[in-house]
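These protein sequence lines are chains A, B, C and D, in that order. When we follow this note's numbering, the leftmost residue of the first sequence carries the number 1, and every step to the right adds one. When we follow this note's numbering, the leftmost residue of the second sequence carries the number 1001, and every step to the right adds one. When we follow this note's numbering, the leftmost residue of the third sequence carries the number 2001, and every step to the right adds one. When we follow this note's numbering, the leftmost residue of the fourth sequence carries the number 3001, and every step to the right adds one. Glycine residues also receive a C-beta, built at the ideal position from the N, C-alpha and C atoms. It should be emphasised that the depicted structure is a prediction, and the values quoted were computed from it without experimental measurement. A short write-up of the structure that comes next.
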Amino acid sequence: MNAPAQTYSEIAPERLLEAANAQRAAGSRLVQICCSRLQHFELLYSFSRPHTIEHLRICIPDSRVALPSISSIYGGSFAYENEIHDLYGITFTGMNVDYQGHFFRTAIPAPMAVPPVCAAPAPKPNKPQPQKEPT
Amino acid sequence: MKQKPLTMTRVALGSLLRKPATVPYPAARKPVYLATRGHIAIEEDKCNLCLICDRRCPTGAIAVDRTGKTWAIDRLRCIQCNHCVDVCPRKCLAMENDYTTPMQMKRSDVVPVPFTPPQPKPKPAAAPAPTSDSPLQAKEERPGERNHEPPDQSSAD
Amino acid sequence: MSAWTRILAAILFVLLSPILAGLLAGLDRIISARMQSRIGPPLLQPIYDLLKLFQKERIAVNRSGHFFLLGYLLFTILAGIEFFIGGDLLIVIFALALASVFFVLGAFAAGSPYSHIGAERELIQIMASEPMLIMCAMGFYVATGSFQVTTIHAQPTPLIATLPGIFLGMIYILTIKLRKSPFDLSTSHHAHQEIVKGITTEFAGPYLAIIELAHGYETILLLGFLYLFFAPWPLLALAALIAVYFLEILADNTHARLYWQWVLRTSWAFTAIVGAGNLILLHYLQRGGTP
Amino acid sequence: MANRTVIPFGPQHPVLPEPIHLDLVIEDEHVVEAIPSFGFIHRGLEKLVEKKDFTEFTFIAERICGICSYIHGMGYCQAVETVMGLEIPERAKWLRTMWSELSRIHSHMMWLGLLADAFGFENLFMACWRLREGILDVIEETSGGRVIFGAAKVGGCRRDVPDDLLARIPAQLNAVEDELRAITNVFRDDFSVRQRLCGVGLLSRNDAYDLGAVGPMLRASGVAQDSRLDGYAAYDKIAVEPIVEESGDCWGRTMVRIREIYQSFDILRHVLPNVPPGPVDMKITGAPKGEFFARLEQPRGEVIYYVKGNGTKFLDRFRVRTPTFANIPPLLKMLQGCQLADVPVIVLTIDPCISCAER
């Protein structure tokens, strides 16, 4: 396989906009935003250029922490952000299109916000988020 | 590129002169292939009610009853994944290549299994103890064991 | 025509048209299916459908809508009777137009947006087809000097010889009236359309059956119009009608559905060129022939 | 009549056989805005991974979608294999490539039919689906299933295809291809089809990039992006040229897909004689630990599988980002200002598969 190299780097939530701007300036495409519910919430923003994929990891302790929306930089990100809001209950501030929780019709609010049945112990987050939310 | 009118005419008239491609389904059926996954069949004589197919079936379509000595399959739940055939230790399950007739109400096909477990000689055990014929007893318990809500069987497109 | 033959013709039209239209629709469906490499339904399927619709539950979205539908059926039948007893062609055309308006009103009476858009598009289709019908009556008048169907029917030479343009125009609007692609805008024979069944969306069961029935009468009436072009030679007329209907099916199977703007523009342009052109030419020829 | 009406479009709409709901704000017959909502068939498949053994989850991954089923299963397996550091046998790689391309052809042919249906061309619709049967027959003969292949497995393929069968397939493909020419020429040339497709649903190169379009959507707007170039399965041994159109309208997207069908035929003609001998699967021991993003090219576009394993048999997280989901923002952009009659056509040109977008 001559698959492009994948790199993961963890950044603080405050630095998200700055990092996204840097990606945009470098000509990357927003590939996806993925949220995982482990013991904490982990968001992965993937950007790709030909032959590279970069993933930015953001860890937040619980869904009450609001994140800045990158939809001013990548216009299409509102779909991912609305989805994560509807399924995980994380709030994004400053979305260019905000469906106010009506994008995914779910029977219960934030159905994916429960931690995994067979969750592994949370990985040691690097700096700002000590794992402090036992669920 | 130039636009042309009525480009479909040749195909339409050609189809009019040819035989239809469809078959009147219940009266005639399309041929099946050797590999076609049609339905699961069991050779009940070989079965030893070991429960492996019951536990490993991804949709919980197979129900094996050790006390009543039956092997049952809910055809509407079965997704023809062939997994039970792969895991069956006695090779008594097989994937036949023809489809079952459509059913009008939900029911399970129940097959009586004429298996008598070898009598455990020394100790009079109430439940059949793990013998060489039923190798599954030590299967690990899974979280959310026997998920009886199967994922959507219908293939949404 | 004696009074008795007129009554007989009227009764025959009322009784036989649904059966004839049903058989025609059945043939249409089989031929369409064969063009699409399918086996298709039994020949009598449209008639089974109709009978089944009549047996279904009556659900009313809006009662006034059903009153309008009855108007649609009644005026279509009246138009047909007037035609087949050899009456006045203008009355036929006006009754037909009135029937269409009742149909549109019926669809407007229901609150659904799909029904509304369908009704608006039906109005556009009426706008596209009505001028040609009137031109057809005018053509018959110019050629024969009468609006009476009996007089037109009794012509010794077939009118197709003098009115070929009008005939072409009539085939064109027959496609609109039969709701065939590319003109199946307001409703279509199958529901795969952006406004679903459009104008008929809100009608179900017996009320939908009324629409189907009226549509059947309308089809027979329009084929009667085309028959007049070949009146002295019935066998040729039959062959021509079969050929025309086959072409309609072919057109349905070789076109995508187009936009209403396109339909309106081209219908007017086409009917103006062939219809009005034919009329003007005929007028000058007759003036030149009999100075 | 410049009053605004809201037309509810879907989730049950005959011309849009997908469970998405669009509130179309229309003025006369022009769409001012389209507001989507979905979740009607959210099945929680991503959550189910926590309860299923990672090898058995393949069956569920294959059933995320009924059309691009094989690539879903294969993508999941590929992601797990990479996490576990497995190098699958060469023959399995080539068979995977073959099935991916077969699935691309059948998906595109189905899509062509649906598009024809959306603009009211029933005969064309039937013709596309009739020819697609020829491909489905090949799929059934090789894998046992018609749309759910059931051939993917962590560590290779679940079944081998006999060599004599592999040798027979090209003739069957050629027969389908010959008949297909007449049909695709209709899409290319027919007056009424061009009326409905040319200039409809324009998506500029910048918008396509900015809104994150993928697959044929992106390529029809002039961006040469194709994940097959990453060289998964056996694609590193096959020259794949991304198919690009510049027009960015519905016609361009149709042309991209049509040309991809023929490209897939070419790829298959190269792949089939070159499938190497050997085993098709390998034994798996242990459990995945680590994370990986697998990127594959589905018929509908680039698809992402994210797998995060914790060293047990049950994965922590499995995420699918399907091409349809990425194409929703461009779709909403294209719907603004279009005619009501164009809505089904525009929705169809993203080749929507809402059930896989929701998982």
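From this set, the options, which residue's C-alpha is nearest residue i's C-alpha?
i	options	result
D/V3345	D/S3107, D/D3189, D/R3194 and D/V3161	D/R3194
C/A2009	C/T2150, C/L2159 and C/W2268	C/T2150
C/L2295	C/L2178, C/R2287 and C/F2067	The displayed coordinates of chain C run from 2001 to 2291. Any statement about residue 2295 of chain C would go beyond what the structure contains.
D/P3170	D/L3268, D/F3314, D/V3214 and D/D3249	D/L3268
D/E2958	D/Q3012, D/I3026 and D/L3045	Missing from the structure shown is residue 2958 of chain D; chain D here goes from 3001 to 3359 and no further.
D/T3097	D/R3181, D/Q3339 and D/A3234	D/A3234
D/I3328	A/F104, A/Q23, A/R49 and A/A22	A/F104
C/L2051	C/W2262, C/T2219, C/P2232 and C/I2211	C/I2211
C/F2054	C/F2103, C/Y2114, C/Y2207 and C/K2197	C/Y2207
C/L2274	C/T2162, C/G2106 and C/I2166	Sequence check: residue 2274 of chain C is Val here, not Leu. It is C/I2166 whose Cα lies nearest to the Cα of C/V2274.
A/I33	A/M95, A/Y99, A/E81 and A/D98	A/E81
D/L3202	D/S3037, D/S3143, D/C3338 and D/I3064	D/C3338
D/R3063	D/V3176, D/A3175 and D/A3151	D/A3151
A/M108	A/E54, A/H51, A/A79 and A/D86	The residue asked about is misnamed: residue 108 of chain A is Ile in this sequence, not Met. Measuring from the Cα of A/I108, the nearest candidate turns out to be A/D86.
Would you please state the rounded distance, in angstroms, between the beta carbons of residue i and residue j? I believe it to be under 8 angstroms.
i	j	result
D/S3100	D/I3060	With a Cβ gap of about 19 angstroms, D/S3100 and D/I3060 do not count as contacting.
C/I2199	C/E2130	16 angstroms between Cβ atoms; not a contact.
D/H3130	D/V3275	The displayed chain sequence assigns Arg, not His, to residue 3130 of chain D. D/R3130 to D/V3275, Cβ: 29 angstroms. No contact.
D/G3199	A/G76	Going by Cβ atoms, the distance from D/G3199 to A/G76 rounds to 23 angstroms, so no, they are not a contact pair.
D/V3186	B/T1007	5 angstroms
D/H3108	D/E3291	Their Cβ separation, rounded to whole angstroms, is 32 angstroms, which puts D/H3108 and D/E3291 out of contact at 8 angstroms.
D/P3019	D/P3011	4 angstroms
B/R1018	C/S2267	In fact, because the Cβ distance is near 34 angstroms, the residues do not count as touching under 8 angstroms.
Under 7 angstroms Cβ to Cβ from residue i, same chain only, skipping five residues before and after it: list those, please.
i	result
D/K3153	T3058, C3077 and D3281
B/Y1099	G1038 and H1039
C/A2137	L2089, L2090, I2093 and F2147
B/A1125	Residue placement at B/A1125 is flagged as unreliable, the pLDDT there being 49, under the threshold of 50; the coordinate-derived value follows with that caveat. So the list is empty, once near-sequence residues are dropped.
C/Y2227	A2237 and L2241
D/I3135	L3102, I3105, H3106, M3109 and V3176
Taking the CB atoms as reference points, tell me whether residue i and residue j lie closer together than 9 angstroms.
i	j	result
D/L3022	D/F3009	yes
D/C3157	D/R3300	no
A/I73	A/A20	yes
C/L2159	C/F2229	yes
B/H1039	B/Q1080	yes
D/T3254	D/L3112	yes
B/A1094	B/E1043	yes
A/R64	A/T106	no
B/V1110	B/C1047	no
C/N2293	C/G2169	No answer is possible for residue 2293 of chain C: it lies beyond the span of chain C, which begins at 2001 and ends at 2291.
A/L67	A/P13	yes
C/I2220	C/F2068	no
A/Y8	A/L30	no
B/A1012	C/L2250	yes
D/E3297	D/D3226	yes
A/S36	D/K3308	yes
Within a Cβ cutoff of 6 angstroms, which residues of the same chain sit near residue i, ignoring the five residues on either side of it in sequence?
i	result
D/G3389	For chain D, the structure presents residues 3001 to 3359; residue 3389 of chain D sits outside this window and is missing.
D/A3294	G3075, Q3078, A3079 and Y3305
B/L1136	At B/L1136, the pLDDT of 43 sits below 50, so the modelled position is not reliable; the number obtained from the coordinates is stated separately. Answer for B/L1136: C1050, L1051 and I1052, listed in chain order.
A/G89	S63, A110 and A113
C/H2066	Y2207
C/L2043	G2026
C/L2016	none
Return the chain-ordered list of same chain residues with a C-beta closer than 8 angstroms to the C-beta of residue i, the five sequence neighbours on each side being excluded.
i	result
D/L3229	Y3235, V3240 and P3242
D/G3252	A3220, S3221, E3245 and E3246
C/Q2193	D2184, T2187 and R2257
C/L2282	G2139, V2142, A2143, T2162 and L2163
Subject >> Contacting positions in the stretch 2029-2041 of chain C - beta carbon closer than 8 angstroms to chain B >> reply: Against chain B - using a Cβ distance shorter than 8 angstroms - the residues of the stretch 2029-2041 of chain C are I2031, A2033, R2034, M2035, Q2036, S2037, R2038, I2039 and G2040.
**OP:** Check distances from the C-beta atoms of the stretch 2198-2229 of chain C to those of chain B and list, in chain order, the residues that come in under 7 angstroms.
**Re:** none
Subject >> Interface positions of the stretch 3071-3100 of chain D facing chain A (Cβ-Cβ less than 8 angstroms), listed along the chain >> reply: none
Original post:
Of the residues that make up the stretch 3195-3222 of chain D, which ones have a beta carbon closer than 7 angstroms to any beta carbon in chain A?
Top reply: Y3209, D3210, L3211 and G3212
Original post:
Of the residues that make up the stretch 3297-3321 of chain D, which ones have a beta carbon closer than 8 angstroms to any beta carbon in chain A?
Top reply: E3302, I3304, Y3306, K3308, N3310, G3311, T3312, F3314, D3316, R3317, R3319 and R3321
Original post:
Using Cβ-Cβ distances below 9 angstroms, what residues of the stretch 1095-1114 of chain B are close to chain C?
Top reply: none
Original post:
Looking at chain B, which residues of the stretch 3118-3132 of chain D have a Cβ within less than 8 angstroms of any of its Cβ atoms?
Top reply: Listed in sequence order: F3121, N3123, L3124, A3127 and R3130.
Subject >> Contact residues within the stretch 2253-2286 of chain C, judged by C-beta distance below 7 angstroms to chain B >> reply: N2253 and T2254
Original post:
Just by C-beta distance, which residues in the stretch 4-38 of chain A are closer than 7 angstroms to chain D?
Top reply: P4, Q6, R29, L30, V31, Q32, C34, S36 and L38
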